[in-house]
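So the sequence lines, in the order shown, correspond to chains A and B. Take the working numbering: the final residue in the first sequence is number 593, and no numbers are missing along the way. Take the working numbering: the final residue in the second sequence is number 87, and no numbers are missing along the way. Ideal placement from N, C-alpha and C gives every residue a C-beta, glycine not left out. Comments concern the structure below.
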Amino acid sequence: MELQTLTYIVVGLTFSLYIGIAIWARAGSTGEFYAAGRGIHPVANGMATAADWMSAASFISMAGLIAFLGYDASIFLMGWTGGYVLLALMLAPYLRKFGKFTVPEFIGDRFYSQTARTVAVICLIVASLTYVIGQMKGIGVAFSRFLELDYATGLFSGMAIVFFYAVLGGMKGITYTQIAQYCVLILAYTIPAIFISLQLTGLPLPQFGMFSELSGDTVPLLTKLNTILTDLGFKEYTAQKTNTLNMMLYTLSLMIGTAGLPHVIIRFFTVPKVRDARLSAGWALVFIAILYTTAPAVGSMAFYNLSNTVQTGEVGVQANNLKYDDRPQWFKNWEVTGLLTFDDKNGDGRIQYYNDKSDTFANKATANGWEVKGSELKVDRDIMVLANPEIAQLPNWVIALVAAGGLAAALSTAAGLLMAISSAVSHDIIKSMINPDISEKNELLAARISMAGAIAIAGYFGLNPPGFAAQVVALAFGLAASSIFPALMMGIFNKRMNDAGAVAGMIVGLGVTLIYIFTYKGWLFIPGTNMLPNTPDNHLFGISPEAFGAVGAMLNFLVAWLVSKVTAAPPDHIQHLVEDVRVPRGAGAATGH
Amino acid sequence: MSENSSSGLAYWKANLKLVAVLLAIWAIVPFGLGILFRPLLSGISIGGTDLGFWIAQQGSIYVFLILIFYYAWRMNKLDREFDVHED
């Protein structure tokens with residue numbers, strides 16, 4: 001069957017599944033809309049959390065990032081998983097015991113301060129909204145690439161699907177669709193990876209294949225990759241290329257940011273018990289780890305395949321570069337999309353890919369009697385996942401599945417983010433700040449309208465992406481790390497922490513982090529307004545803006561602690577609240593909200 | 001059950017101790033073995049590269065998993081020991 005038809009069928013099937021779930025899992029109360037009635041099994045919630053967490057970027061871009069950065073990309077692997085330890089040990093069980101619906105609600109109640117709650121709402125909305133723009137773009141791109149629809153039509157189709165299950169079902173509908181989406185995305189990710197690992201190393205598990213010898217060779221894959229890269233004038237795949245302090249802070253910022261992202265935290269409000277929240281964080285990481293331990297294998301193997309295709313023999317000999325006319329079919333397919341571009345700079349009809357900035361390759365070429373005029377191949381990193389099934393010559397249904405997987409990853413994360421935004425609007429702003437007497441029925445209606453509004457705004461930004469969309473990761477993680485995580489943690493672990501301390505800490509942590517990001521990336525990301533060029537030698541101690549969230553968090557802790565020392569202790573009922581949050585018994589009683 | 005009681009306080013202290021130990025491992029493995037002290041471990045080779053690389057791209061994720069499941073198991077036991085468990 002033709003690929004296009006098959007893709008329509010596979011994507012269509014998954015979409016009908018999501019719609020079926022939406023009809024079955026409608027929400028009848030605010031408890032169901034905000035927290036799925038707190039009836040989700042910890043394993044099921046783990047699966048939903050994994051889909052919620054793994055975005056279009058994790059699915060499509062991460063392996064490519066690893067392919068080109070090698071060892072340095074470990075920051076993403078460790079950073080985006082290590083946060084779950086913080087969640088499980090320091091936040092999830094206690095916030096579940098607290099038994100409310102939103103993250104700002106805990107911050108507002110615990111610090112008996114509407115100011116604290118407002119700061120938290122602003123951070124949540126800014127972080128989630130910037131994040132969701134990327135997902136919307138992912139949906140539009142996936143549709144246009146695989147189904148050859150135009151970008152806007154793709155985006156509207158995605159919005160319509162999310163609208164259907166998120167507005168009808170709230171957290172309940174989102175949870176069950178996320179479970180289905182996890183199954184789709186993990187199959188789509190692992191099937192090609194297993195086949196490629198088998199082809200290259202003879203081992204079915206990519207996690208092992210990556211560290212073993214190539215088939216019919218005694219050289220391990222990674223050693224071979226190091227040799228290839230050095231020959232082409234790059235640094236070794238396994239070598240560290242950036243400074244150590246920055247790597248450590250970057251990793252830490254991603255960990256703290258992960259633990260502080262509201263759309264992840266609220267998933268743990270949906271399990272029945274405190275002990276389920278602990279366990280569920282573990283299951284979430286199991287399901288995430290399946291993809292995250294596969295990704296470095298996909299990255300290294302895809303890069304090996306690519307360089308092997310272009311370079312057919314010893315590096316530096318002209319005849320060993322692939323003739324452009326002999327390029328394989330998948331190469332042609334991806335040239336059409338513009339993700340792979342060839343420019344025959346030296347006019348020899350062959351494809352040369354190497355590091356322009358290093359002399360190694362050029363010298364070798366000169367020694368072999370020919371002249372190089374610059375690397376001729378441009379490779380978009382997303383291709384490492386997207387073209388994988390074609391490179392491995394897998395059947396068309398696998399390619400169709402990858403399309404459905406990419407869409408599942410983007411849709412599930414978008415829905416989780418929209419849930420965090422809409423519950424902050426209807427519960428923290430409308431119910432808590434504007435109309436505290438609102439009836440349950442009207443709050444549910446307000447929640448549905450907020451959800452519809454959030455989808456419309458996200459769609460608008462998806463169609464007209466602001467220039468800063470690419471910078472969102474730094475912003476979202478910076479906000480979560482420097483404001484939300486420290487406030488939550490101190491609220492639980494420091495009984496003496498009071499309103500003044502928490503608010504001062506959040507404002508300082510957030511303020512310093514934002515100023516640092518804007519100094520290098522421009523005020524509000526407006527191009528040209530940055531005060532210093534965004535290059536490592538201009539960074540304070542070499543710390544990049546993306547890595548600064550951890551510093552902001554430390555400042556938050558410090559300021560909060562100092563201010564709380566010189567201001568009045570929190571009232572008795574707040575101290576009792578903290579004591580109560582610290583023990584599991586009684587969590588069931590909180591379900592009846 | 002409130003933390004003011006001596007048993008409640010002991011429960012919280014036991015929890016903090018457990019969290020401190022686990023977070024120490026959480027920090028040492030990725031930041032220590034995976035990044036900072038990786039050059040010191042470069043003599044130990046594994047599958048075509050060094051141990052530090054494996055820890056950074058695989059091992060630390062497995063360690064995180066073990067830490068969370070151990071914590072969940074141990075805390076459930078503590079909950080019962082101190083009689084603060086649910087139902």
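What's the gap between the Cα of residue i and the Cα of residue j?
i, j, result
"T360/A", "Y354/A", "9 Å"
"G592/A", "E335/A", "Residue confidence for G592/A is low, a pLDDT of 39 falling below 50, so the modelled location carries little weight and cannot support an answer."
"V503/A", "V103/A", "15 Å"
"G64/A", "G170/A", "34 Å"
"V84/B", "I46/B", "45 Å"
"S280/A", "F101/A", "18 Å"
"L203/A", "V310/A", "25 Å"
"T519/A", "I526/A", "11 Å"
"V559/A", "V508/A", "7 Å"
"K77/B", "A14/B", "11 Å"
"S197/A", "G338/A", "27 Å"
"R278/A", "M75/B", "9 Å"
"L17/A", "A44/A", "17 Å"
"Y237/A", "L229/A", "7 Å"
"R582/A", "Y94/A", "6 Å"
"L40/B", "A403/A", "43 Å"
"M54/A", "I421/A", "18 Å"
"Y516/A", "P545/A", "6 Å"
"R137/B", "V29/B", "Within the shown structure, residues of chain B are numbered from 1 to 87, placing residue 137/B beyond reach of any answer."
"K431/A", "Q393/A", "55 Å"
"V10/A", "F485/A", "40 Å"
"A589/A", "R275/A", "Bear in mind that a pLDDT of 46 at A589/A, under 50, signals an unreliable position, so the number given afterwards is only what the model happens to contain. Roughly 15 Å between the two C-alpha positions."
"K373/A", "D325/A", "20 Å"
"S29/A", "L445/A", "10 Å"
Could you give the first and the last residue of the continuous beta strand (DSSP E) run that contains residue i?
i, result
"F541/A", "Where F541/A is concerned, there is no enclosing beta strand (DSSP E), given that its DSSP letter is neither H nor E."
"V379/A", "377-379"
"F111/A", "Looking at the DSSP string, F111/A is not in any beta strand (DSSP E), and its letter there is neither H nor E."
"T341/A", "340-342"
Helix, strand or coil for residue i, going by three-state DSSP, please let me know.
i, result
"I421/A", "helix"
"Q575/A", "helix"
"Q311/A", "strand"
"T49/B", "strand"
"R496/A", "coil"
"R585/A", "coil"
"E443/A", "helix"
"P220/A", "strand"
"N226/A", "helix"
"N321/A", "strand"
"E32/A", "helix"
Run through chain A and tell me which residues come within less than 7 Å of residue i, C-beta to C-beta.
i, result
"L67/B", "V85"
"G43/B", "Result: empty, since nearest Cβ-Cβ is about 14 Å, beyond 7 Å."
At a CB-CB cut-off below 7 Å, which residues of chain B make contact with residue i?
i, result
"P584/A", "D79, V84, H85, E86"
"V286/A", "L65"
"G282/A", "L65, I68, F69, A72"
"T223/A", "G48"
"L279/A", "A72"
"S74/A", "G34, A56, Q57"
"M490/A", "Ordered by position in chain B, no residue passes the 7 Å Cβ test against M490/A, which lies about 14 Å from the chain."
Could you give the first and the last residue of the continuous alpha helix (DSSP H) run that contains residue i?
i, result
"I23/A", "3-24"
"A207/A", "The sequence as given places Gln at residue 207/A; Ala does not occur at that position. Start and end: 206-209."
"D201/A", "Checking the sequence, you will find Thr at residue 201/A rather than Asp. Counting along the chain, the alpha helix (DSSP H) containing T201/A begins and ends at 151-201."
"Q329/A", "329-337"
"H41/A", "Neither: H41/A is in no alpha helix (DSSP H) and is coded neither H nor E."
"H263/A", "262-265"
"F69/B", "60-81"
"W523/A", "No alpha helix (DSSP H) contains W523/A, which DSSP labels as neither H nor E."
"R96/A", "92-98"
For residue i, go through chain B and note every residue whose CB falls closer than 8 Å to its CB, in chain order.
i, result
"P296/A", "Q57, Q58"
"A447/A", "Per Cβ cutoff of 8 Å: no residues; A447/A is ~28 Å from chain B at best."
For a contact meaning CB atoms closer than 8 Å, what does residue i contact in chain A?
i, result
"F31/B", "M248, T251, L252"
"L22/B", "V85, L89"
Along chain B, which residues have their Cβ under 9 Å away from the Cβ of residue i?
i, result
"R644/A", "Here chain A comprises residues numbered 1 to 593, so residue 644/A is not present and cannot be evaluated."
Should the segment 125-138 of chain A be called in touch with the segment 409-416 of chain A, which here means at least 3 C-beta pairs below 8 Å?
yes
Inspect the CB distances between the segment 360-374 of chain A and the segment 313-321 of chain A and report whether three or more fall short of 8 Å.
yes
Whether or not the segment 262-280 of chain A and the segment 30-38 of chain A are in contact is what I'm after, with contact meaning three or more pairs of Cβ atoms, one per stretch, closer than 8 Å; do they touch?
Remark: three or more beta-carbon pairs, one from each stretch, lie closer than 8 Å, so the segment 30-38 of chain A and the segment 262-280 of chain A are flagged as touching.
Does the pairing of the segment 77-88 of chain A with the segment 54-66 of chain B give three or more beta-carbon distances under 8 Å?
yes
Evaluate contact between the segment 107-117 of chain A and the segment 279-296 of chain A, counting only Cβ atoms and requiring at least three cross-stretch pairs below 8 Å.
no
Looking at C-beta atoms only, is the number of pairs between the segment 294-309 of chain A and the segment 216-227 of chain A that lie closer than 8 Å three or more?
yes
For the 8 Å Cβ check, are there 3 or more pairs between the segment 533-550 of chain A and the segment 241-249 of chain A?
The answer is yes - the segment 241-249 of chain A touches the segment 533-550 of chain A, with three or more Cβ pairs under 8 Å.
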